[in-house]
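When we follow this note's numbering, the leftmost residue of the sequence shown carries the number 554, and every step to the right adds one. As structure tokens, the structure follows; a few thoughts come after it.
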Amino acid sequence: MDDFLKGQEGREIWRIFRVISEFVDGIEKLSGIGKAVAVFGSARSESTDKYYKLAVELSKKLALKGYSIITGGGNGIMEAANIGAMAGEAQSIGLNIELPFELDSNDYQTVSVDFRYFFVRKVMFLKYSSAIVLVPGGFGTLDEFFETMTLIQTERTDPVPVYALGKDYWGGLFEWLKETVYKNHYIDEKDLSLFTVTDDIDEIVNGIHDVIKFQK
């Protein structure tokens with residue numbers, strides 16, 4: 554038995570146990586957070602960056618409306634959103650991921666959940682978020698965006714408000730989706746309305762609140 558558990562098949566079994574334990578831990582820690590908004594964005598943004606400052610302001614306004622804030626728990630935009638959540642006296646949640654090349658999670662979390670597996674973490678984001686806000690970021694942010702779009706488009710998750718903050722950053726992606734992907738018939742016209750690109754954080758806050766304030 555010991556030889557089996559130390560072999561390749563045994564390692565796969567232990568990996569399954571780890572995955573299950575991450576789901577259990579996430580559900581236990583997040584089940585009581587109430588309505589929450591996920592804020593995605595780069596870990597590389599500095600505190601002097603305009604989008605860092607906007608993420609703080611946006612998250613504080615959402616917090617003052619009574620919404621918990623969920624981030625990836627890292628630095629940059631994630632830290633900014635967690636700071637805003639705490640400034641608005643709301644739950645500030647970090648879904649932290651183990652990576653060999655990034656610093657520790659930020660210090661502005663009232664609820665912390667640690668993950669090794671990205672896919673488990675993304676399930677937790679979408680399971681417990683009533684709305685999504687995208688702030689400029691790299692591959693990780695794009696991954697989270699397209700995963701969300703795919704699950705909404707295929708009706709594997711309920712539709713939620715999705716806002717992309719920053720026309721100068723996200724406008725090119727929207728144009729590519731409209732002028733290339735849509736015109737080549739790879740998505741439907743209605744898919745282009747699954748998210749909104751804006752520079753106005755009040756539009757985001759009010760748009761989210763108008764949709765989810767009556768949700769149970």
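Glycine included, every Cβ here is placed at the ideal spot set by N, Cα and C. Computed from a predicted structure; not experimentally measured.
For this session: Would you list the residues sitting across from Val676 in a DSSP beta bridge?
Result: The count along the sequence shown starts at 1 and reaches residue 676 at position 123. Paired residues: none, contrary to the question.
Exercise. Can you find at least 3 beta carbon pairs, one from the stretch 567–574 and one from the stretch 677–688, that sit closer than 8 Å?
Worked result: They do not touch, by the three-pair rule.
Problem set entry | Cutoff 6 Å; reference Leu558; Cβ partners in own chain excluding five residues on either side | As a first step, residue 558 must be located in the sequence shown, where it is residue number 5. Only weak support is given to the placement of Leu558: the predicted model assigns it a pLDDT of 49, under 50, and the question is left unresolved by the model.
Exercise. Roughly how many angstroms separate the alpha carbons of Trp567 and Thr733, rounded to a whole number?
Worked result: Position 14 of the sequence shown, counting from 1, holds the residue named residue 567. Position 180 of the sequence shown, counting from 1, holds the residue named residue 733. Trp567 and Thr733 have their C-alpha atoms some 44 Å from each other.
Exercise. Going by Cα to Cα distance, which pick from Thr703, Ile630, Glu599 is closest to Phe748?
Worked result: Within the sequence shown, numbered from 1, the residue matching residue 748 stands at position 195. Minimum Cα distance to Phe748 is reached at Thr703.
Problem set entry | Cβ pair Gly690, Asn659 closer than 8 Å | Residue numbering aside, residue 690 sits at position 137 when the sequence shown is read from its first letter. Residue numbering aside, residue 659 sits at position 106 when the sequence shown is read from its first letter. It is not a contact, given that the beta carbons lie outside the stated cut-off.
Exercise. So what does DSSP say about Tyr722, is it helix, strand or coil?
Worked result: Start at 1 with the first residue of the sequence shown, and residue 722 comes out as number 169. Residue state for Tyr722 is assigned as helix, using DSSP reduced to three classes.
For this session: Kindly indicate the opening and closing residues of the beta strand (DSSP E) around Val713.
Result: Within the sequence shown, numbered from 1, the residue matching residue 713 stands at position 160. Neither: Val713 is in no beta strand (DSSP E) and is coded neither H nor E.
Exercise. Between Val609, Glu700, Gln662, which lies nearest to Val673 when the distance is taken from Cα to Cα?
Worked result: Taking the first residue of the sequence shown as 1, we reach residue 673 at position 120. The option with the nearest alpha carbon to Val673 is Glu700.
For this session: Please name the residue in Gly629, His738, Phe698 whose C-alpha comes closest to that of Val750.
Result: If you number the sequence shown from 1, residue 750 lands on position 197. For the options Gly629, His738, Phe698, the alpha carbon positioned closest to that of Val750 is the one of Phe698.
Problem set entry | 6 Å CB neighbourhood of Gly637 in its chain, flanking five on each side removed | By 1-based counting over the sequence shown, the position of residue 637 is 84. Within its own chain, the residues whose Cβ lies closer than 6 Å to the Cβ of Gly637, once the five positions on either side in sequence are excluded, are Val609, Ser612, Lys613, listed in chain order.
Problem set entry | Integer-rounded CB distance, given that Ala717 should sit under 8 Å from Leu687 | In the sequence shown, the residue the question calls residue 687 occupies position 134. In the sequence shown, the residue the question calls residue 717 occupies position 164. For Leu687 against Ala717, the beta-carbon gap comes to about 4 Å, under 8 Å, which counts as contact.
Exercise. Less than 8 Å separating the beta-carbons of Lys588 and Ile765?
Worked result: The residue you call residue 588 lines up with position 35 of the sequence shown. The residue you call residue 765 lines up with position 212 of the sequence shown. Yes. Within cutoff.
Exercise. For Ser584, does the count of other Cβ atoms within 10 angstroms reach 16, so buried, or fall short, so exposed?
Worked result: Against the sequence shown, residue 584 aligns to sequence position 31. Answer is exposed; the Cβ neighbour count stays below 16.
For this session: Would you list the one or two residues that DSSP bridges to Asn628?
Result: Residue mapping note: residue 628 aligns to position 75 of the sequence shown, counting from 1. In the DSSP assignment, Asn628 forms no beta bridge with any residue.
For this session: Thinking Thr624 and Val592 are a contact (beta carbons under 8 Å), I'd like their distance in whole angstroms, please.
Result: By one-based count along the sequence shown, residue 624 stands at place 71. By one-based count along the sequence shown, residue 592 stands at place 39. About 5 Å separates the Cβ atoms of Thr624 and Val592, confirming a contact at the 8 Å cut-off.
Exercise. Which stretch, first to last residue, makes up the alpha helix (DSSP H) that contains Gly563?
Worked result: As a first step, residue 563 is located in the sequence shown; it is residue number 10 there, counting from the start. If you look at Gly563, you'll find it in the alpha helix (DSSP H) that goes 561–583.
Exercise. Buried or exposed: where does Val713 fall if 16 or more other Cβ atoms within 10 Å of its Cβ makes it buried?
Worked result: As a first step, residue 713 is located in the sequence shown; it is residue number 160 there, counting from the start. It is buried - the Cβ of Val713 has at least 16 other Cβ atoms within 10 Å.
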